[in-house]
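In numbering that gives the first Met the number 0, the protein residues as written are 0 to 275. Input: a single structure, listed below in structure tokens.
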Amino acid sequence: MEIRTAVSPRDIKAYTTERMREEFLIQDLLLPGKIKMVYSHVDRIIAGGARPAEPIALQAGKEIGADFFLQRREMGIVNIGPAGTVMVDGTEYRLEKSDGLYVSMGSKDLVFSSDDPKNPAKFYFNSCPAHAAFPTKKILKKDIKGNHLGSIQQSNERTIYKYIDPQAGAKSCQLVMGMTVLEPGNMWNSMPCHTHDRRMEVYFYFDLPENAVVFHLMGEPAETRHIVMRNEEAVISPSWSIHSGVGTASYTFIWGMCGENQNFDDMDHVPMAILK
Numbered sequence: 000m001e002i003r004t005a006v007s008p009r010d011i012k013a014y015t016t017e018r019m020r021e022e023f024l025i026q027d028l029l030l031p032g033k034i035k036m037v038y039s040h041v042d043r044i045i046a047g048g049a050r051p052a053e054p055i056a057l058q059a060g061k062e063i064g065a066d067f068f069l070q071r072r073e074m075g076i077v078n079i080g081p082a083g084t085v086m087v088d089g090t091e092y093r094l095e096k097s098d099g100l101y102v103s104m105g106s107k108d109l110v111f112s113s114d115d116p117k118n119p120a121k122f123y124f125n126s127c128p129a130h131a132a133f134p135t136k137k138i139l140k141k142d143i144k145g146n147h148l149g150s151i152q153q154s155n156e157r158t159i160y161k162y163i164d165p166q167a168g169a170k171s172c173q174l175v176m177g178m179t180v181l182e183p184g185n186m187w188n189s190m191p192c193h194t195h196d197r198r199m200e201v202y203f204y205f206d207l208p209e210n211a212v213v214f215h216l217m218g219e220p221a222e223t224r225h226i227v228m229r230n231e232e233a234v235i236s237p238s239w240s241i242h243s244g245v246g247t248a249s250y251t252f253i254w255g256m257c258g259e260n261q262n263f264d265d266m267d268h269v270p271m272a273i274l275k
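Following this line, the structure appears as structure tokens:
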């Protein structure tokens, strides 16, 4: 498990491209036969991925400081690849592509596996601290009523699917998680942009063509920076930072948030005039 410490917005004014990528970019999350995780000190979120050729059990390390991984945590999982199964305390949850799973705090044994070991599932997950337990729940994308937003004229026509949310999808203690799907020919996300000092966020970009990139924008509104991202990469967004991006092709991304509240619409909108 990699550790990423919290960063001041004053510090990144002097960061090189390499340093920006070291602090915020998460690569190689879906390595065959492995579970990889990055632990951020920003609201203690963990972003991780599992691509199991053979069943792989999730283990708690020293970084967690608990008897088992979800002793004081909850987790949201989305499968972005071929079908696979997540076993939670002996109960199997089979996930097709784009299906999700909320896993309750207190769940002791969690094992990832694939239907076809030669074509493994791709499980992306977020985990954050929790202080109350909510039921483990399978989330089928086809059952989620998407929120269609944007327009082709602004190159941001998209549909938002809320997987873990107090008003839609699975209920949780702290974690809010969902997926945004851009329509073909659309490139922008989260623009006009916003911040939310009450929550941090992680974006995970996927379904991006091999030779395409996303220019992910971050930083304070008047002091922005960018990180060039490729398929199946994630980026940490501290609460003081905007989080927006434009691709050279359309794409999909998973967003995960934790912090003071679970209100999806609690945003501090940034006027376009002050962006720099």
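Heads up, the beta-carbon is just placed ideally off N, CA and C, and yes, glycines get one too.
(request) Flag this pair as yes or no: are the beta carbons of methionine 176 and tryptophan 254 separated by less than 8 Å? (result) Indexing the sequence shown from 1 puts residue 176 at position 177. Indexing the sequence shown from 1 puts residue 254 at position 255. Yes, these two residues count as a Cβ contact at 8 Å.
Practice problem: Note down the Cα distance separating valine 37 from glycine 47, rounded to an integer number of angstroms. | Solution: Numbered from 1 along the sequence shown, position 38 holds the residue referred to as residue 37. Numbered from 1 along the sequence shown, position 48 holds the residue referred to as residue 47. Whole-angstrom Cα-Cα distance: 6 Å.
**OP:** Give the DSSP-derived three-state secondary structure of lysine 35 in the structure shown.
**Re:** Taking the first residue of the sequence shown as position 1, residue 35 is located at position 36. Reduced to three states, the DSSP call for lysine 35 is strand.
**Prompt:** Helix, strand or coil for aspartate 267 per DSSP?
**Reply:** Within the sequence shown, residue 267 is the residue found at index 268, counting from 1. Correct three-state label for aspartate 267: strand.
Span of the beta strand (DSSP E), counted from its first residue to its last, around glutamate 1 = By 1-based counting over the sequence shown, the position of residue 1 is 2. Glutamate 1 -> beta strand (DSSP E) spans 1-3.
Worksheet item: How should proline 237 be labelled, buried or exposed, when 16 other C-beta atoms within 10 angstroms of its C-beta is the threshold for buried?
Response: The residue you call residue 237 lines up with position 238 of the sequence shown. Note on proline 237: 16 or more other CB atoms within 10 angstroms of its CB, so buried under the neighbour-count rule.
ask   = Would you report the Cα separation of glycine 32 and leucine 274, rounded to the nearest angstrom?
value = As a first step, residue 32 must be located in the sequence shown, where it is residue number 33. As a first step, residue 274 must be located in the sequence shown, where it is residue number 275. When rounded, the distance between both Cα atoms is 43 Å.
Under 8 Å between the Cβ atoms of alanine 132 and glycine 80? In the sequence shown, the residue the question calls residue 132 occupies position 133. In the sequence shown, the residue the question calls residue 80 occupies position 81. Against a cut-off of 8 Å, the Cβ pair of glycine 80 and alanine 132 comes out as no contact.
inquiry  = At the level of alpha carbons, what is the spacing between lysine 161 and threonine 135?
reply    = Within the sequence shown, numbered from 1, the residue matching residue 161 stands at position 162. Within the sequence shown, numbered from 1, the residue matching residue 135 stands at position 136. Going by C-alpha positions, lysine 161 is about 16 Å away from threonine 135.
Worksheet entry | 7 Å CB neighbourhood of valine 227 in its chain, flanking five on each side removed | In the sequence shown, residue 227 corresponds to position 228, counting from 1. Taken in chain order, the residues that qualify are Val212 and Phe214.
- Query: Are the segment 195-211 and the segment 255-263 touching, with three or more C-beta to C-beta distances below 8 Å?
  - Reply: Yes, since at least three Cβ pairs between the segment 195-211 and the segment 255-263 fall closer than 8 Å, the two stretches touch.
Query raised in the report: Anyone know if the C-beta pair for alanine 272 and leucine 28 falls short of 8 Å?
Result: Working through the sequence shown from its first residue, we reach residue 272 at position 273. Working through the sequence shown from its first residue, we reach residue 28 at position 29. Taking 8 Å as the cut-off, the beta carbon of alanine 272 is found no closer than this to the beta carbon of leucine 28.
Pop quiz: threonine 247 and leucine 181 are said to be a contact at Cβ under 8 Å. What is the actual Cβ separation, rounded to whole angstroms? The residue you call residue 247 lines up with position 248 of the sequence shown. The residue you call residue 181 lines up with position 182 of the sequence shown. Between the beta-carbon of threonine 247 and that of leucine 181 there is about 12 Å, and that puts the pair past the 8 Å contact cut.
- Classify leucine 174 as buried or exposed, calling it buried when 16 or more other Cβ atoms lie within 10 Å of its own Cβ. Taking the sequence shown and counting its residues from 1, one reaches residue 174 at position 175. Leucine 174 should be labelled buried.
| request: State the Cα-Cα distance for the pair isoleucine 170 and glutamate 73, rounded to the nearest angstrom. | output: Here the question's residue 170 lines up with position 171 in the sequence shown. Here the question's residue 73 lines up with position 74 in the sequence shown. The question names isoleucine, but residue 170 in the sequence shown is lysine. Near 11 Å, if we compare the C-alpha coordinates of glutamate 73 and lysine 170.
Three or more C-beta pairs closer than 8 Å, one from the segment 53-72 and one from the segment 96-113: is that the case here? They touch, by the three-pair rule.
Beta strand (DSSP E) runs contained entirely in the segment 128-165, provided each spans 3 or more residues: Listed in chain order, they are 136-138, 146-148 and 157-163.
ask   = Just curious, the beta strand (DSSP E) that glutamate 222 is in, first and last residue?
value = By one-based count along the sequence shown, residue 222 stands at place 223. Per DSSP, glutamate 222 is one residue of the beta strand (DSSP E) stretching across 222-228.
* Asked: Which full runs of the beta strand (DSSP E) of 3+ residues lie inside the segment 49-91, going along the chain?
  -> The segment 49-91 contains these whole beta strand (DSSP E) runs: 72-78 and 83-87.
- Where glutamate 219 and methionine 266 are concerned, what is the direct C-alpha to C-alpha distance, given to the nearest angstrom? Translated into the one-based positions of the sequence shown, residue 219 becomes position 220. Translated into the one-based positions of the sequence shown, residue 266 becomes position 267. Distance between the alpha carbons of glutamate 219 and methionine 266 is about 14 Å.
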